[in-house]
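Participant:
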Amino acid sequence: MQNVTDKYHKLIKDDDKHLNPLFDMKQVPKRSYQLGLAALFTGIGISIYDSYIGLYVSSFLVACFCFAILMFILLKYNDVIKNLTISIIFLICSLLIISAAIEGLQSEQFLYFFPMLTAVPIIVDLKQTKYRESFIYISIIIISAGICTLIGVYVTPLQDFSPDQIGKLALVNRVVAIFSTIVFAVAYIFFEKKYINELMEQSQRVIDTRTQFLATMGHELRTPLNGIIGVINLLKQDHTPSQHEEYIQVLKYCSDHMLHQVNNILDFNKIEANKLEIHPVELNLRQLLLNAGMPFTALSREKGLNLKIEIDNGLDKLVLADDLRLIQIFNNLLSNAIKFTDSGYIELRAVRKSQNEQFTEVIFSVKDTGIGISEEDQVKIFDSFWQVYDPATRNLNGTGLGLTICVRLLELMNSKLNLVSERGIGSTFSFDIKFNNAGKLEQPLAVQAKTDDSLTGIRVLLVEDNQINMMVAKKCLSDFKANITCVYNGQEALDELKKDQAYHIILMDLEMPVMNGYTAIFEVKKLYPAMPVIAFTASLVDEKMLADLIESGFADCLSKPFQPVELLSSIQKQLLNYPFLADNAG
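Each number in the working numbering comes from the position in the sequence shown (counting from 1) with 9 added on.
This is how it looks when you write it as structure tokens:
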């Protein structure tokens, strides 16, 4: 079965050309080849004609020119020379100057400078390059035309011609030169019109995509928001404790769904801006897969599905990989599998394909027994905003961004997403990745796994100006049995540390009045360099911002909104990095 993502990758390349009409429509390198071929075939015709009327020296000269043009085209094709255009211009100008020395001006070969000038706007992309390049080309042509005229006027022709030969040669040169000028002028108009049409189509595609984007996002965000607002109203009216747990579950589902959609939108925006990056870290591959499947256990159980996680025992090892991006891929694939499966099972499988001292290659797959995907839809599902239509519910489900993000992430990992599916039977998405080995485990996974979810004895200084965010973070930390002290800005945090330095960790917001987190971190690290500080922010944290935060002195960054387990994991990570902090706890 042909891999449908091969077709999708071709569509992506075609799309990239549409997204850059300046490159696609101007096609400067391609037209340089076309100019060279036009000069080559014109030269061959003139060489044959010169030989036919008895001008053997001119015929030999033009034949040498044709050979030189052919060699330059081949050298450019093999990337030996970089600029084919200037090479061709030099050759043509040199030929015309030498022809003036041999034939004089009586053969009217100087007329070929006119089509050369007409061709410059075609072979130079004035919208992409500076005018300096076109100025150089035009200057070469004009200077060569001047030299050609001076030689023709003041130098005696080296070849003798009969009046009949001169008449025939001049006539051919006039016809070819005028015809070439007209052709280049018409070609310029044609390409500019094509370019303008493509720009108009591109603008319309952008408008259509933006409209589709806003409509899709509006629906996907308003739906869970409607659920949140509705449940809040129910909580106000219904004081029955037994109903509260159900309402809370609905609120959690809707808020998680909104967060997932927002993250997808942000990642899609990074993809469109080509700013999505991969940052490998050292991790246990088996543990990563177990963590990836864990959140979907309850979801699959609620739908009556059996979630299978099968991991090759040989993957209990350390590798270098971007854990966040891999988890994101598994999240999208598993959530889609559960969404479109009403009975049967979901299977996450990882099998070691090959390994040596340097690399471990792994085949990952997510299989479901869901509605499946028809053959005609198997390419479309990878398009942005395209959604699978479920005939059972007559609904379009999701934003259609998840698989697009998966494909682009896997491209950054030198992999691709494969699909095997049959309508009514189920689907299997798979991909393989080659990881760099990171070393040996000091302990087996069973011993390494941390089951303690308590922060008993850990003192946390919480720096947050928003009272709601402070309330949420404080409640989460209290549930983990941490001791919390709350302050509202960076200056209050410094004042608190002057009175009491016995804190194990600081959670600090970035945007605060009086003194923000960016300023406070320098003071904290200057006075207390061993104190780990976690940035606590609702800002969009990309790779560059994270690197800047780490360079500023922050030990880690936790984005709001957050899950309690993420907060716990971030703090425990710092306690592992600074074991003396945990030893001093309590």
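Quick reminder that beta carbons are idealized off the backbone N, C-alpha and C, glycines included.
Computed from a prediction, not measured in an experiment: that's the story for all the values here.
Would you say residue 583 and residue 564 are within 8 angstroms of each other, going by their C-beta atoms?
Facilitator: yes
Participant: What are the start and end residues of each continuous beta strand (DSSP E) run of 3 or more residues lying completely inside the region 465-530, in chain order?
Facilitator: 468-472, 492-496 and 514-518
Participant: Leaving out the 5 sequence neighbours to the left and right, which residues in its chain are closer than 7 angstroms to residue 491 when beta-carbon positions are compared?
Facilitator: So the list reads 464, 467 and 469, once near-sequence residues are dropped.
Participant: Taking only three categories from DSSP, how would you classify residue 442?
Facilitator: In this structure, residue 442 counts as strand in the three-state DSSP scheme.
Participant: Short of 6 angstroms in beta carbon distance, which residues of its chain neighbour residue 114, apart from the five on each side in sequence? Order them along the chain.
Facilitator: 161
Participant: Quick check on residue 427: does DSSP put it in helix, strand or coil?
Facilitator: Three-state result, residue 427: strand.
Participant: Return helix, strand or coil for residue 435, following the three-state DSSP convention.
Facilitator: Taken through DSSP and simplified to helix, strand or coil, residue 435 comes out as strand.
Participant: Where does residue 47 sit, in a helix, a strand or coil, going by DSSP?
Facilitator: Three-state DSSP puts residue 47 in a helix.
Participant: Near residue 602, what residues of its chain come up, given a Cβ to Cβ distance below 6 angstroms and the 5 sequence neighbours on each side ignored?
Facilitator: Outside the shown range of the chain (10 to 595) lies residue 602, about which nothing can therefore be said.
Participant: When the distance is taken between beta carbons, is residue 308 closer than 8 angstroms to residue 347?
Facilitator: yes
Participant: Which partner residues does residue 291 have in the DSSP bridge list?
Facilitator: Paired residue(s): 329.
Participant: Would you call the region 60-74 and the region 83-96 in contact, with 3 or more CB pairs under 8 angstroms?
Facilitator: Short answer: they don't touch.
Participant: On the criterion of 16 or more Cβ atoms from any shown chain inside 10 Å, does residue 417 qualify as buried, or is it exposed?
Facilitator: buried
Participant: What residue range is occupied by the uninterrupted beta strand (DSSP E) comprising residue 360?
Facilitator: Per DSSP, residue 360 belongs to the beta strand (DSSP E) from 354-364.
Participant: For residue 431, which residues in the same chain have their Cβ closer than 7 angstroms to its Cβ, ignoring the five residues on either side in sequence?
Facilitator: Spatial neighbours of residue 431 in its own chain (CB-CB distance under 7 angstroms, excluding positions within 5 residues in sequence) are listed in chain order as 381.
Participant: Determine the extent of the alpha helix (DSSP H) in which residue 385 is found, giving its start and end residues.
Facilitator: Residue 385 -> no alpha helix (DSSP H), and no H or E assigned at all.
Participant: Name the DSSP bridge partner or partners of residue 369?
Facilitator: DSSP output for residue 369 lists 364 and 444 as bridge partner(s).
Participant: Just to confirm my understanding: we take residue 127, look at its own chain, exclude 5 residues before and 5 after, and list those with CB closer than 6 angstroms. What are they?
Facilitator: Apart from sequence neighbours up to five positions away, the residues of its chain that approach residue 127 with a beta-carbon distance below 6 angstroms are 190, 193 and 194, ordered along the chain.
Participant: Taking just the CA atoms, how far does residue 326 sit from residue 373?
Facilitator: 16 angstroms
Participant: Using only the alpha-carbon positions, how far apart do residue 338 and residue 142 sit?
Facilitator: 46 angstroms
Participant: Could you give the C-beta distance for residue 302 and residue 234, rounded to a whole number, given that I count them as a contact under 8 angstroms?
Facilitator: No, residue 302 and residue 234 are not in contact; Cβ-Cβ is about 29 angstroms, not under 8 angstroms.
Participant: Could you have a look at residue 179 and say whether DSSP puts it in helix, strand or coil?
Facilitator: Three-state DSSP puts residue 179 in a helix.
Participant: Closer than 8 angstroms by C-beta to residue 528: which residues in its own chain qualify, once you throw out the five before and the five after it? Chain order, please.
Facilitator: 499
Participant: Does the distance from the C-beta atom of residue 49 to that of residue 79 stay below 8 angstroms?
Facilitator: yes
Participant: What separation, rounded to the nearest whole angstrom, lies between the Cα atoms of residue 59 and residue 81?
Facilitator: Annotation: residue 59 to residue 81 spans about 24 angstroms, alpha carbon to alpha carbon.
Participant: Among 99, 300 and 538, which has the Cα closest to the Cα of residue 148?
Facilitator: 99
Participant: Exposed or buried, which one is residue 407 when buried takes at least 16 other CB atoms within 10 Å?
Facilitator: Note on residue 407: pLDDT 45, under 50, position unreliable in the model; no value is reported.
Participant: Helix, strand or coil for residue 121, going by three-state DSSP, please let me know.
Facilitator: helix
Participant: Please report how far the alpha carbon of residue 453 lies from the alpha carbon of residue 442, in whole angstroms.
Facilitator: In this predicted model, residue 453 has a pLDDT of only 43, less than 50, meaning its place in the structure is not dependable; the value taken from the coordinates is given anyway. Near 23 angstroms, if we compare the C-alpha coordinates of residue 442 and residue 453.
Participant: Can the beta-carbon of residue 379 be found less than 8 angstroms from the beta-carbon of residue 313?
Facilitator: It is not a contact, given that the beta carbons lie outside the stated cut-off.
Participant: Quick check on DSSP: helix, strand or coil for residue 87?
Facilitator: coil
Participant: Mapping DSSP to helix, strand and coil, what is residue 340?
Facilitator: Three-state result, residue 340: helix.
Participant: Along the chain, where does the beta strand (DSSP E) containing residue 378 start, and where does it finish?
Facilitator: Segment: none, residue 378 is in no beta strand (DSSP E) and carries neither H nor E.
Participant: Which one of 522, 444, 566 and 425 has the shortest CA to CA distance from residue 328?
Facilitator: 444
Participant: Tell me the rounded alpha-carbon separation between residue 124 and residue 170.
Facilitator: Rounded to the nearest whole angstrom, the CA to CA distance from residue 124 to residue 170 is 26 angstroms.
Participant: Could you tell me the distance, in whole angstroms, from the CA atom of residue 399 to the CA atom of residue 475?
Facilitator: Note that residue 399 has pLDDT 46, beneath the 50 cutoff, so the model's placement of it is unreliable and no number is given.
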